[in-house]
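Visitor: Protein sequences appear in the order of chains A and B.
With this note's numbering as the guide, the letters of the first sequence map in order to residues 496 to 685.
With this note's numbering as the guide, the letters of the second sequence map in order to residues 496 to 685.
Let me begin by handing over the structure; questions about it come next.
2 protein chains.
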Amino acid sequence: MKKSLGPKTLIYPTPVLIVGSYNADGTANIMTAAWGGVASSKPASVAVSIRSATATHGNILQRKAFTISIPCESQAMVADYAGLVSGREHNKMAELGLTPVPSDQVDAPYAAEFPLVLECRLAAVHELGMHTQFIGEVVDVKADYGIVTEGNHVDVTLLRPIVYAMGAQAYFGLGHQLGKAFEMGKGAVE
Amino acid sequence: MKKSLGPKTLIYPTPVLIVGSYNADGTANIMTAAWGGVASSKPASVAVSIRSATATHGNILQRKAFTISIPCESQAMVADYAGLVSGREHNKMAELGLTPVPSDQVDAPYAAEFPLVLECRLAAVHELGMHTQFIGEVVDVKADYGIVTEGNHVDVTLLRPIVYAMGAQAYFGLGHQLGKAFEMGKGAVE
């Protein structure tokens with residue numbers, strides 16, 4: 496027996512995405528978003544949903560590009576700040592002591608300090624009510640050498656990404672490994 | 496200094512979503528997807544990306560509805576199996592001993608055993624290459640009483656959702672709490 500909770504966006508887990516874009520004056524801006532994820536495997540595409548009131552929204556439409564960085568556990572406070580204040584009134588990169596780096600692939604910046612960065616070309620714009628969903632085609636990924644293992648794989652246990660949970664409105668780390676995908680399921684049925 | 500890894504969809508974390516739909520013959524089908532997330536807050540909307548080769552893809556287009564269930568840690572093996580085999584050849588619900596329940600809101604089923612279910616009306620379809628992105632407007636959420644706390648909030652530490660990580664191709668549990676969102680960031684800047 497289940498309880499009806501009404502219409503809510505209760506997807507768990509959601510990621511913590513740092514969206515990088517250029518303001519009209521050319522300064523680098525970041526904001527934090529949790530509404531997003533992978534959109535397609537080929538072409539490699541990601542989705543991030545952003546309210547039109549934000550500086551980032553206009554920036555992405557202007558430059559047709561953005562970056563998405565994945566912060567690590569120790570950067571949770573920094574990530575949270577970038578979601579608390581507006582890029583219209585704050586130079587968040589400067590305030591947080593972050594180092595803006597221009598993407599060599601798209602017309603958008605990222606902060607050198609985040610361990611993993613997806614450089615995205617704006618591929619589609621979907622108006623979905625309160626949020627605009629931006630689809631970014633990933634042109635390149637830049638990762639800190641320390642989280643990349645053999646075969647150019649990112650080791651998630653070295654990355655230590657942040658998990659955001661609605662309801663709790665809290666950030667969590669990654670827990671223990673439950674099993675291997677495309678593998679453990681083989682034992683589910685006799 | 497960062498290493499270039501090429502175009503990859505390296506978003507961390509991604510969720511484990513169980514998509515419920517009706518086959519043409521009226522049997523209940525489930526499949527597992529990790530490409531998805533929240534799409535808009537109002538109307539409450541979620542996104543899930545699915546390949547056109549799947550049974551689920553045609554089912555959603557036919558009935559204009561689907562459910563998304565969030566499995567818990569102890570259901571990782573079940574969730575993985577539902578992503579390994581096709582609903583065209585397997586009655587996955589029956590094989591896994593799951594109980595199909597018709598949504599009372601939309602023309603789609605879910606499995607009673609998963610603790611959290613989003614009942615979705617198909618709101619938009621975006622062709623994004625290898626994957627079709629389905630936008631579902633969440634009409635209602637059904638949650639096990641045991642994970643709902645005061646104020647009708649879902650307690651994520653009771654839910655124990657599964658985190659999927661690419662590269663590792665592995666499932667993880669939720670780790671320890673790092674801090675409160677919209678709160679811990681206040682201390683990031685002097």
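A virtual CB, placed ideally from N, CA and C, is assigned to each residue, including glycine.
Keep in mind that this is a model prediction, so the values were computed, not measured.
Could you give the DSSP three-state label for residue 590/B: helix, strand or coil?
Guide: For residue 590/B, the three-state secondary structure derived from DSSP is helix.
Visitor: Within the same chain, show all residues whose beta-carbon is closer than 6 Å to that of residue 573/B, passing over the 5 residues directly before and after it, in chain order.
Guide: 591
Visitor: Confirm, please, whether the CB-CB distance from residue 662/B to residue 636/A is below 8 Å.
Guide: Their beta carbons are not under 8 Å apart, which means residue 636/A does not touch residue 662/B by this criterion.
Visitor: Could you compute how far the alpha carbon of residue 629/A sits from the alpha carbon of residue 685/A?
Guide: 43 Å
Visitor: I believe residue 535/B touches residue 625/A by the beta-carbon criterion, under 8 Å. Please report the beta-carbon distance rounded to the nearest angstrom.
Guide: 5 Å
Visitor: Would you mind stating whether residue 498/A and residue 511/B have Cβ atoms separated by less than 8 Å?
Guide: No; because the gap between Cβ atoms is not below 8 Å, this pair is not in contact.
Visitor: Using a Cβ cut-off of 8 Å (strictly closer), state whether residue 608/B contacts chain A.
Guide: no
Visitor: Just checking: is the beta-carbon of residue 603/A within a distance shorter than 8 Å of some beta-carbon in chain B?
Guide: no
Visitor: Determine the DSSP secondary structure at residue 558/B, reduced to helix, strand or coil.
Guide: helix
Visitor: Mind reading off the beta-carbon distance from residue 564/B to residue 627/B? Whole number of angstroms is fine, and I expect it under 8 Å.
Guide: The Cβ separation is near 20 Å, so there is no contact.
Visitor: Is there a Cβ of chain B sitting closer than 8 Å to that of residue 611/A, yes or no?
Guide: yes
Visitor: Could I get the ranges of all uninterrupted alpha helix (DSSP H) runs contained in the segment 644-674 of chain B, with 4 residues as the minimum, in chain order?
Guide: 651-654
Visitor: Given a threshold of 16 other Cβ atoms within 10 Å of its Cβ, counted over all protein chains shown, does residue 686/A qualify as buried or as exposed?
Guide: What is shown of chain A runs 496 to 685, which leaves residue 686/A out entirely.
Visitor: The beta strand (DSSP E) that contains residue 531/A, what's its start and end?
Guide: 531-535
Visitor: For residue 514/B, which three-state DSSP category applies?
Guide: strand
Visitor: Taking all protein chains shown into account, do 16 or more other C-beta atoms lie within 10 angstroms of the C-beta of residue 639/A, making it buried, or fewer, making it exposed?
Guide: buried
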